[in-house]
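This report concerns only the one structure given below.
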Amino acid sequence: MDVLGIIYDALMVDPYIKETANGRIKFYEFPETGEVTAPFIIIDPLDVPLPQDFADNTWLTYDCLLQIEAWSKKRAATRELSEQIRNAMWNVGFSQGSGVDEWDKDTGIFRDARRYRGKIISR
16 MDVLGIIYDA LMVDPYIKET ANGRIKFYEF PETGEVTAPF IIIDPLDVPL PQDFADNTWL
76 TYDCLLQIEA WSKKRAATRE LSEQIRNAMW NVGFSQGSGV DEWDKDTGIF RDARRYRGKI
136 ISR
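Under this note's numbering, the first residue of the sequence shown carries the number 16, and numbering increases by one thereafter.
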């Protein structure tokens, strides 16, 4: 099961996300601060998908926990991108949990890191 692929596809369906961050969506890796001239999205799994909801001795779903970060040098752009990510995640059954909203004074990068939990139906 390719959870990262499912999440990536869900984000790319949203026209705002596609226009704003296409080509700058990363898995596991963070961009160098000098690369952040346009918004980035970083998807970081926080746990492996856990089998859940069993029936007839077979699991039916996977419980997933991940963090999705939006980085940019504009506070409003970071906030808007994070809100669009939240909406896209909701559309695929993930709800937002806790997160971190910060600004790095030295680099001028605004970072919004939100955690999402959801279930994916096993295939």
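All C-beta atoms, glycine included, are put in the ideal place defined by N, C-alpha and C.
Note that the structure is a prediction, hence the values are computed from the model and not measured.
Residue i: beta carbon under 7 angstroms from a heavy atom of the ligand HEM?
| i | result |
| --- | --- |
| residue 47 | The ligand HEM is not part of this structure, which contains no ligands at all. |
What are the start and end residues of the alpha helix (DSSP H) that includes residue i?
| i | result |
| --- | --- |
| residue 30 | 30-36 |
| residue 44 | Taken as a continuous stretch (DSSP letters only), residue 44 belongs to no alpha helix (DSSP H), as it is neither H nor E. |
| residue 101 | 90-106 |
Ends of the beta strand (DSSP E) at residue i?
| i | result |
| --- | --- |
| residue 110 | 109-119 |
| residue 84 | 73-87 |
How big is the Cα-Cα spacing for residue i and residue j?
| i | j | result |
| --- | --- | --- |
| residue 41 | residue 69 | 33 angstroms |
| residue 133 | residue 98 | 17 angstroms |
| residue 26 | residue 71 | 33 angstroms |
| residue 65 | residue 54 | 31 angstroms |
| residue 51 | residue 28 | 23 angstroms |
| residue 49 | residue 106 | 33 angstroms |
| residue 126 | residue 93 | 7 angstroms |
| residue 108 | residue 78 | 11 angstroms |
Can you tell me whether residue i is helix, strand or coil according to DSSP?
| i | result |
| --- | --- |
| residue 61 | coil |
| residue 133 | strand |
| residue 53 | coil |
| residue 24 | helix |
**Request:** Give a yes or no on contact between the stretch 108-116 and the stretch 35-51, applying the rule of three or more CB pairs nearer than 8 angstroms.
**Result:** no
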